[in-house]
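A short write-up of the structure that comes next.
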Amino acid sequence: MNGKGYFLKAKRIIKSVLLSAFLLAWSVGMMVGGLYGMAAVIVGVPAVIGFTVFQ
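Using the numbering used here, the first residue of the sequence shown is number 29, and each one after it goes up by one.
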């Protein structure tokens, strides 16, 4: 195997690894963001209702 072919193969492997890492990080971020979003809604909606009612 010559150097150039090896380099191209390594580049492709690195690209696929980066892509899978990005997808993994994105899905984890979406899960965490979803949890934070749900918590914000659970905390925020009663707070806003209470604020508007008791103003």
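A virtual CB, placed ideally from N, CA and C, is assigned to each residue, including glycine. Note that the coordinates shown come from a computational prediction; the quantities given were computed from them, not determined experimentally.
Specify the secondary structure class of residue i as computed by DSSP and reduced to three states.
{"i": "Phe82", "result": "coil"}
Between residue i and residue j, what straight-line distance do the alpha-carbon atoms span, to the nearest angstrom?
{"i": "Ala53", "j": "Gln83", "result": "42 angstroms"}
{"i": "Tyr34", "j": "Ser55", "result": "31 angstroms"}
{"i": "Gly72", "j": "Leu51", "result": "30 angstroms"}
{"i": "Ala49", "j": "Gly57", "result": "12 angstroms"}
{"i": "Leu63", "j": "Ile42", "result": "31 angstroms"}
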